[in-house]
């Protein structure tokens, strides 16, 4: 356990740049590394890796490990896990950080299984225990009903995933110095068992759910697909996005990619308007980060009112039309 | 001279008479036998118990015409017309047998005709004929000119009316001309002799008069035989089938379910096709269901009383029955042929109906799921058709075999199956035994010696805030009245009613068996319920699974306690009150007097009876699983229709004694925006308020 | 196709939030009175995925659950849905295992069962939600793993999976035997219906103890746990919600004004 040192961020590259979540993780990692008095490293995979090492260093990395194998340009579970595992066995990081993304959620448990470390997923906070120098991971459990702190007493590396926008992005300092270290091991193609056959992009009309400033979400109370579609009108006034609870997506009223909640997307818009949804904890876990939560529900006991800042107790069928009309007027649309 | 004893073109009248008779009877019997065999394609069911009671039912319904007279209102007097038509035609039917059959056909003419008997009987026929003619004309005007909603301007109805009218007209022609020919132009029968008198004055020769009478006689005879042949080939089949239908109607519960025994399940596992889950083909129904289809006279009473139809959904019980009947007659021949083929070990002809599927093509799924099982259709049906059971059997097939149901139904049934009650999941804000906190109640399993009377609370009364208020009221009232009872608390499970109504039959069976076991273990002898659905399930449906306890609804108990003086309502109830009869209490179980007695005993309460009340009550929309199954789009919502009726009474309080009704009425009040002038209350809450606080 | 589905019995996650209670001493949730435990949501979806595969291809579904003896109810439920048989893995040594421990126990049970083509798991448990057991199990068994499936098909000797990603879907293939973790987007699980519901009730579910599957004590020793919970708290979440009163129309207008000022 003592020979494990340093913090390693498993970086992601999107659109030829460091992914925003990676920049955030570098910020988190830098803090953790400073508290430990150890180094912060980052693993970048793909042919773009080398060109981004300067950025990674500017954002706080001491070492940038680049695996510039073109096989790694698109995410492949086996290839990424293999590359990361090989590196970990060499440099023995004490802490590993991943984004809670499609890549991170897939890779980190596998890597954990392979390396025998201790992994906590979807952490809302990470800190070093000053006494034990161990990583303390804070994460929601029971659908958000409770908060747990986890430690790995002896298993190494200590691993954690964090969602985007939970931590602020690292500060950029172009004067920082660091090392770019190419990873020598090439990916063994015979070990790649999972093949990507096709990638289907979902047509997102307008702004993406995670990026929208205003999200209008509907739940079971919307009743049917036609009524659910009325939420679009309200969202459009703000140039916002429409989301749904698990029930609404199960029923097919909203695409699965628009599910807000513990098992869907976590959003933190300026305004989150919850229409006809009761506010089950699993859903609320997905929107608690919102600055203002507005609830419209005909049941005054609905849980959503426990987390909302503004609310109307009423039938959305009677509230939504005048609300939409007045907002259109005020917003001049 | 009798028309039959004459000779026509060398052929004796008798020969013609009997040849016609046997041809007609042959055609009649052939068709009747076919219909009988098709009916026998349906599944086994024992409706031969209590023969004495069944015979009595049949006579009571048919002879005094209770079947149609029961639904006569000032707005719809048709039942009266039918009664007259029936009584009138019955007289004629007897006359056919006596005068045509015996007198003419068998040549007993000299013994029967020409005496007081003939005069008396024909005088009766005179009056009867007049009534029938008036009734037919009235019916025709009503159907084709006034056109009330429940009647169709069908060709069949027209043909039958013309036939009956013609029979009556021919009767008067036969009599009139015959009497004129023999110079009997006065005396009884009055109308016939009057016609005879008029004819005599015209100066037509006696021979011509007689000839006309005889021609009319043969036409009349042909028409009777034609009618007999036509009856089993038209909707007038109800004339034959309805009496039997009444004979075979259910004697206990209004909707009959049979437990599915383990042997049947094992047979199904091993691929035995004679056992089916629910009904997806016409032959999956019970034979009584198929007899129902024959008995339907397409009167349309079920149609205009169905809450789904009234609120604009596609479901019409009349159409369902009619469509099923057409389908049955369409595929019947094929099915019978296939059965024969199998019996004679011919090629493996599948007993499938080619082309149309019963669920989907004949009755589409929307119709199947729109039913609230309110029972208005069955209540008002003159011939005792069991509409509800057919719909539920189709639901059973969809749920148990195809796993195809509205998502809202699936979510509820999933909750029933994994969590034990339909309200579980995100809809409930309470835990099962919560309501008992601090109430000082005897909880079964926790008290030393448990009472033998159990208050069965029901899921809704324990888990939904608004209804818990009523539950608390009832416990306080029972305690104040000195009733020694216990409750199951958190151990109480769902009675299973929503599962059965939604077609998830096995879950009901499991629930029933478990609940009966629990009650047996605690030696419960009497159960008080607050929910009419629990009441109906426990009282009428649980005995089939071995339940032996007595079940009463709280309104029965309270009415009794008031009578005994153990419960005194002394506080003023200064309100105008309308009582909404829950379907499962009033129609299913005939409990509507007791709530009214209770209200009558409330000082200062001003009671206003609603137009649709007691057994004609209008559904709140919550039955048949519809507290959870989403209501389809129609022209309005069922509870809104009822709400309009409540608002029309102008009362300030609408009272009911069912947790579903209470919720639906409150929702209606909210949505109609009359919260400030109208309140919905459970009867028990009003009773508690009327009792002196101790 | 031989399919193994791993399911977990959890406290009902859909109890009213106000009734959710924990014991900070034992760092456990206090089971609410009268609420039966249920199958974890994602595991149920995994089971549905297995049933759909069995509908299309001939096969057998075996269900495994690490838990208390009550987990037999969940297995019976699974059989009612369409599984063929199942085993409860219950032993004092198996209580409160972390993801590695659970995966280890499952791997020993799977070794005992023998040949399989596909293992299905939920993407995470509805209670602790660690989200790792499936992947760790795949690593132990040395088989490929695909996560977050919303559709699973058999394609010859491969399994073909539609996977949910941030901006759409990926179609992936892997040779069997392999492991797939399933997400809720696969759709609603079927209602256990027909005869199965009644028959499943009578089934006796075998319970396997540590000795039955050859689980080594060291591997399930709590002292060797990879992660531990140090604290468990219920966050106090009381935002003062400003309820806008009045008739729906008026309230809506008032709300509109407030919102318009925010952005």
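Residue numbers (the numbering used here), protein chains in the order written: chain A, 113 to 445; chain B, 692 to 1385; chain C, 471 to 733. Built from N, CA and C at the ideal position, the CB exists for glycine as well. Bear in mind that the values here come from a model prediction, so they are computed numbers and not experimental data.
> Taking a cut of 7 Å between CB atoms, which residues from the region 256-275 of chain A lie near chain C?
Replying inline: 257, 258, 259, 260, 261, 262, 263, 264, 265, 267
>> Are the CB atoms of residue 1314/B and residue 1220/B within a distance shorter than 8 Å?
In response: Here the question's residue 1220/B lines up with position 529 in the second chain. Here the question's residue 1314/B lines up with position 623 in the second chain. No, the pair does not count as a contact, with Cβ atoms beyond the cut-off.
> Whole alpha helix (DSSP H) runs in the region 1183-1247 of chain B with 4 or more residues, listed along the chain?
Replying inline: 1188-1192, 1196-1212, 1223-1227
> Taking any Cβ of chain B, which residues in the region 324-340 of chain A have a Cβ under 8 Å from it, in chain order?
Replying inline: 332, 335, 336
> Which ranges would you report for the beta strand (DSSP E) in the region 319-358 of chain A if only whole runs of at least 3 residues count?
Replying inline: 326-330, 353-356
>> Going by the DSSP bridge assignment, what does residue 1177/B pair with across the sheet?
In response: Taking the first residue of the second chain as position 1, residue 1177/B is located at position 486. In DSSP, residue 1177/B forms a bridge with 1145/B.
>> When you compare the CB of residue 518/C with every CB in chain A, is at least one pair closer than 8 Å?
In response: Within the third chain, the letter at position 48 stands for residue 518/C. So, not an interface residue.
> Assuming residue 687/C contacts residue 650/C under a Cβ cut-off of 8 Å, what Cβ separation, rounded to an integer in Å, is found between them?
Replying inline: One-based indexing of the third chain puts residue 687/C at position 217. One-based indexing of the third chain puts residue 650/C at position 180. Contact doesn't hold; Cβ gap of about 31 Å is too wide.
> Using the rule of at least 16 other Cβ atoms within 10 Å of the residue's Cβ for burial, across every protein chain shown, is residue 496/C buried or exposed?
Replying inline: As a first step, residue 496/C must be located in the third chain, where it is residue number 26. Exposed.
> Who pairs with residue 559/C in a beta bridge, going by DSSP?
Replying inline: By one-based count along the third chain, residue 559/C stands at place 89. According to DSSP, which records beta bridges pairwise, residue 559/C is partnered with 536/C, 678/C.
> In chain C, what lies closer than 8 Å to residue 395/A by C-beta?
Replying inline: Your numbering for residue 395/A matches position 283 in the first chain. Those do not exist, as residue 395/A stays about 11 Å from chain C at its closest Cβ, beyond 8 Å.
> So which of 122/A, 443/A, 402/A has the shortest CA-CA distance to residue 277/A?
Replying inline: Position 165 of the first chain holds residue 277/A. Ranking the options by Cα distance to residue 277/A, first place goes to 402/A.
> Does the pairing of the region 1297-1314 of chain B with the region 1089-1104 of chain B give three or more beta-carbon distances under 8 Å?
Replying inline: no
>> Looking only at its chain, what residues have a beta carbon closer than 7 Å to the beta carbon of residue 304/A, apart from the 5 residues adjacent to it on each side?
In response: Numbered from its first residue, the first chain carries residue 304/A at position 192. Here the set comprises 188, 190, 191.
>> If I follow the unbroken beta strand (DSSP E) through residue 294/A, where does it start and stop?
In response: As a working mapping, residue 294/A is identified with position 182 in the first chain. Counting along the chain, the beta strand (DSSP E) containing residue 294/A begins and ends at 291-294.
>> Please list, in chain order, the residues of the region 400-413 of chain A that have any C-beta partner in chain B closer than 7 Å.
In response: 413
> Where does the unbroken beta strand (DSSP E) through residue 652/C begin, and where does it stop?
Replying inline: Reading the third chain from its first residue, position 182 is the one you call residue 652/C. First-last of the beta strand (DSSP E) with residue 652/C: 648-652.
> With DSSP run on the structure shown, which of helix, strand or coil describes residue 938/B?
Replying inline: Within the second chain, the letter at position 247 stands for residue 938/B. Correct three-state label for residue 938/B: helix.
>> Tell me the DSSP secondary structure of residue 604/C in three-state form.
In response: In the third chain, counting from the first residue as 1, residue 604/C sits at position 134. Residue state, collapsed to three classes: helix.
> Buried or exposed: where does residue 546/C fall if 16 or more other Cβ atoms within 10 Å of its Cβ makes it buried?
Replying inline: Residue mapping note: residue 546/C aligns to position 76 of the third chain, counting from 1. Burial call: buried.
> Where residue 549/C and residue 1056/B are concerned, what is the direct C-alpha to C-alpha distance, given to the nearest angstrom?
Replying inline: Along the third chain, one-based indexing puts residue 549/C at 79. Along the second chain, one-based indexing puts residue 1056/B at 365. Cα-Cα distance, rounded: 28 Å.
> Does the beta carbon of residue 419/A come closer than 8 Å to any beta carbon on chain C?
Replying inline: Sequence index remark: in the first chain, residue 419/A carries index 307 (1-based). At least one chain C Cβ lies under 8 Å of residue 419/A.
>> Can you find the residues in the same chain that come closer than 6 Å, C-beta to C-beta, to residue 970/B, ignoring five residues on each side of it along the sequence?
In response: On the second chain, residue 970/B is found 279 positions in, with the first residue counted as 1. So the qualifying residues of the chain are 976, 1084, 1085, 1088.
>> Residues in the same chain with beta-carbon distance under 6 Å from residue 131/A, minus the five sequence neighbours each way, listed in chain order, please.
In response: Sequence index remark: in the first chain, residue 131/A carries index 19 (1-based). Excluding positions up to five away in sequence, the list reads 124.
> Expressed to the nearest angstrom, what Euclidean distance is found between the alpha-carbon atoms of residue 555/C and residue 583/C?
Replying inline: Stepping through the third chain from its first residue, residue 555/C is reached at position 85. Stepping through the third chain from its first residue, residue 583/C is reached at position 113. C-alpha separation (whole angstroms): 11 Å.
> Quick one: any contact between the region 289-308 of chain A and the region 639-650 of chain C, if contact means 3 or more CB pairs under 8 Å?
Replying inline: yes
> Got a sec? Which residues, its chain only, sit under 8 Å from residue 490/C by beta carbon, not counting five neighbours each side?
Replying inline: Taking the first residue of the third chain as position 1, residue 490/C is located at position 20. So the list reads 499, 502, 704, once near-sequence residues are dropped.
> For residue 760/B, which of 747/B, 751/B, 774/B has the nearest alpha-carbon?
Replying inline: The residue labelled residue 760/B in the question sits at position 69 within the second chain. The shortest C-alpha separation from residue 760/B is found at 774/B.
> Is the CB-CB distance between residue 1061/B and residue 1102/B below 8 Å?
Replying inline: Position 370 of the second chain, counting from 1, holds the residue named residue 1061/B. Position 411 of the second chain, counting from 1, holds the residue named residue 1102/B. In this structure, residue 1102/B does not lie closer than 8 Å to residue 1061/B by Cβ.
> I think residue 1308/B touches residue 1349/B, with their Cβ atoms under 8 Å apart; what is that distance to the nearest whole Å?
Replying inline: Along the second chain, read from residue 1 onward, the residue named residue 1308/B stands at position 617. Along the second chain, read from residue 1 onward, the residue named residue 1349/B stands at position 658. Not really, about 11 Å apart at Cβ, beyond 8 Å.
>> In whole angstroms, give me the CA-to-CA distance for residue 204/A and residue 373/A.
In response: Mapped onto the first chain, residue 204/A falls at position 92. Mapped onto the first chain, residue 373/A falls at position 261. Rounded to the nearest angstrom, the two C-alpha atoms are 35 Å apart.
> Where residue 986/B and residue 927/B are concerned, what is the direct C-alpha to C-alpha distance, given to the nearest angstrom?
Replying inline: Locating residue 986/B in the second chain gives position 295, counting from the first residue. Locating residue 927/B in the second chain gives position 236, counting from the first residue. C-alpha separation (whole angstroms): 9 Å.
> Using a C-beta to C-beta distance shorter than 7 Å, which residues of chain B count as neighbours of residue 660/C?
Replying inline: If you number the third chain from 1, residue 660/C lands on position 190. Ordered by position in chain B, the residues that pass the 7 Å Cβ test against residue 660/C are 1094.
>> Is residue 363/A close to chain B? Criterion is C-beta to C-beta, closer than 8 Å.
In response: What you label residue 363/A is simply residue 251 of the first chain in a count that begins at 1. With 8 Å as the cut-off, residue 363/A counts as an interface residue toward chain B.
> Taking just the CA atoms, how far does residue 532/C sit from residue 627/C?
Replying inline: Within the third chain, residue 627/C is the residue found at index 157, counting from 1. Within the third chain, residue 532/C is the residue found at index 62, counting from 1. If I take the Cα positions, the gap works out to 20 Å.
> Which chain A residues sit within Cβ distance under 9 Å of residue 707/C?
Replying inline: Counting from one through the third chain, the residue named residue 707/C turns up at place 237. Per Cβ cutoff of 9 Å: 396, 400, 418, 419.
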